[in-house]
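The opening position of the sequence shown corresponds to residue 8 in the working numbering, with each subsequent residue numbered one higher.
Positions of the beta carbon are idealized from the N, C-alpha and C atoms, including for glycine.
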Amino acid sequence: PTHPELLDWLAVEFMDQGWSLKKLLRLIVTSQTYQQSSHAPANAAAQDKDPENLLLWRMSRFRLDAEGIRDNALAIAGLLNPKQGGPPIYPPQPDGLWAKVGGQQYKYEVSPGAEKHRRGLYVVLKRGAPYPSFVNFDSGPRMACVVKRHRSNTPLQALNLLNDPVFVEAAQAFSKRIITEKPGANAEQRIRHGFRLALSRDPTPTELAALHALWQKQYVKGETAAFEAVALALLNLDETISKE
8 PTHPELLDWL AVEFMDQGWS LKKLLRLIVT SQTYQQSSHA PANAAAQDKD
58 PENLLLWRMS RFRLDAEGIR DNALAIAGLL NPKQGGPPIY PPQPDGLWAK
108 VGGQQYKYEV SPGAEKHRRG LYVVLKRGAP YPSFVNFDSG PRMACVVKRH
158 RSNTPLQALN LLNDPVFVEA AQAFSKRIIT EKPGANAEQR IRHGFRLALS
208 RDPTPTELAA LHALWQKQYV KGETAAFEAV ALALLNLDET ISKE
C-alpha cells in the first residue's frame with residue numbers, strides 16, 4: 008500500500024462504525040480526495056514531484072465499469088428506473104444466444120416497459136451466456152470472484168455504444184428530452200443543453216461547431232433524426248463514459 012497510515016485509520020474507522028460497509032464507502036466517496044478532478048494545471052509542481060499520482064494530489068481518470076456505462080446512458084436519457092430489489096431484469100440481447108449455449112429449454116424474454124431500464128446491478132446473470140454488452144466492457148468472468156476488473160480499449164466497445172439496442176433507445180429518448188426541455192430554442196441552444204446534460208459542462212466553440220455540423224448533415228432526414236444523431240454522438244464521447 009502507498010498509504011499504510013491511511014489504511015490503518017480506515018480499518019479503525021470501519022470497526023468503530025460497527026463494520027458497516029455502507030458507512031465506509033460513504034466516507035470514501037464523500038472525501039475531498041475522492042472528489043478531486045483529474046484535470047491538473049499544465050505547470051503544476053506536483054506533476055514534476057509525483058507524476059504517477061502516488062500521493063493522490065488529483066483524481067486518476069478512468070473509464071466507468073460496464074454497468075455504470077449503461078446506467079449513465081439511461082440516466083442521461085431520462086430512462087433509468089430507480090426501483091430497488093426484486094427479480095433480475097432481461098435487457099435486449101442477440102436473438103437465440105441462450106438457446107445456443109443452453110438448449111431450447113431456455114427462453115430469453117426481454118423485460119417489459121420500464122423494467123428493462125433498471126440499474127445494471129439487476130441484469131440477469133447466466134455464466135454460460137453473459138450479457139454481451141457487459142462482456143465487451145470487461146465485466147469479468149463469473150466463474151470466480153475478481154478483486155479488480157481489467158480495463159481494455161477495443162473497437163468492439165465503440166461498435167457496442169453505436170449499435171447496441173440499449174444505447175440506440177437511450178439516444179432516441181435523449182433526443183426527445185433535448186427537444187422537449189427547450190421548446191422554441193434553436194438548434195445550437197438545444198445542442199448546448201444536451202451537451203450539459205451529458206457532460207455537466209458547456210461545449211467549447213469547436214465542440215459546438217462539430218455537433219452543429221453533424222446536426223445539419225442529418226437534418227435532411229428530419230429534425231428528430233438530426234437530434235438523435237447528436238444524442239448518439241454525445242453518448243459515445245470518451246468523456247461521457249469516463250470519470251474525470
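_DSSP bridge partner residues for Asn-88 (one or two, in chain order)_ = In the sequence shown, residue 88 corresponds to position 81, counting from 1. Note: Asn-88 sits in a beta bridge opposite Arg-125.
_Counting beta carbon pairs with one atom in the segment 149-158 and one in the segment 77-86, are three or more of them shorter than 8 Å?_
no
*asked:* Can you tell me whether Phe-144 is helix, strand or coil according to DSSP?
replied: Counting from 1 along the sequence shown, the entry for residue 144 is found at position 137. Of the three classes helix, strand and coil, the one that applies to Phe-144 here is coil, per DSSP.
*Could you check how far apart the C-beta atoms of Ala-177 and Leu-86 are, in whole angstroms? I think they sit under 8 Å.*
Position 170 of the sequence shown, counted from the start, is the residue given in the question as residue 177. Position 79 of the sequence shown, counted from the start, is the residue given in the question as residue 86. Their Cβ separation, rounded to whole angstroms, is 6 Å, which keeps Ala-177 and Leu-86 in contact under 8 Å.
_Residues sharing a beta bridge with Ser-249, DSSP_ = Reading the sequence shown from its first residue, position 242 is the one you call residue 249. Answer is Arg-70.
_Unbroken alpha helix (DSSP H) run spanning Glu-116, endpoints_ = Start at 1 with the first residue of the sequence shown, and residue 116 comes out as number 109. No alpha helix (DSSP H) holds Glu-116; DSSP gives it neither H nor E.
*Can you give the Cα-Cα distance for Leu-163 and Trp-26, rounded to whole angstroms?*
Working through the sequence shown from its first residue, we reach residue 163 at position 156. Working through the sequence shown from its first residue, we reach residue 26 at position 19. Cα-Cα distance, rounded: 41 Å.
*Evaluate Phe-144 with the Cβ neighbour count: other Cβ atoms within 10 Å of its Cβ, from every protein chain shown; 16 or more gives buried, anything less gives exposed.*
Mapped onto the sequence shown, residue 144 falls at position 137. When all chains shown are included, Phe-144 counts as buried.
*Going by the CB atoms, is the gap between Ala-220 and Phe-181 shorter than 9 Å?*
Along the sequence shown, read from residue 1 onward, the residue named residue 181 stands at position 174. Along the sequence shown, read from residue 1 onward, the residue named residue 220 stands at position 213. It is not a contact, given that the beta carbons lie outside the stated cut-off.
_Three-state class that DSSP yields for Val-130 in the structure shown_ = Working through the sequence shown from its first residue, we reach residue 130 at position 123. Note: Val-130 maps to strand in three-state DSSP.
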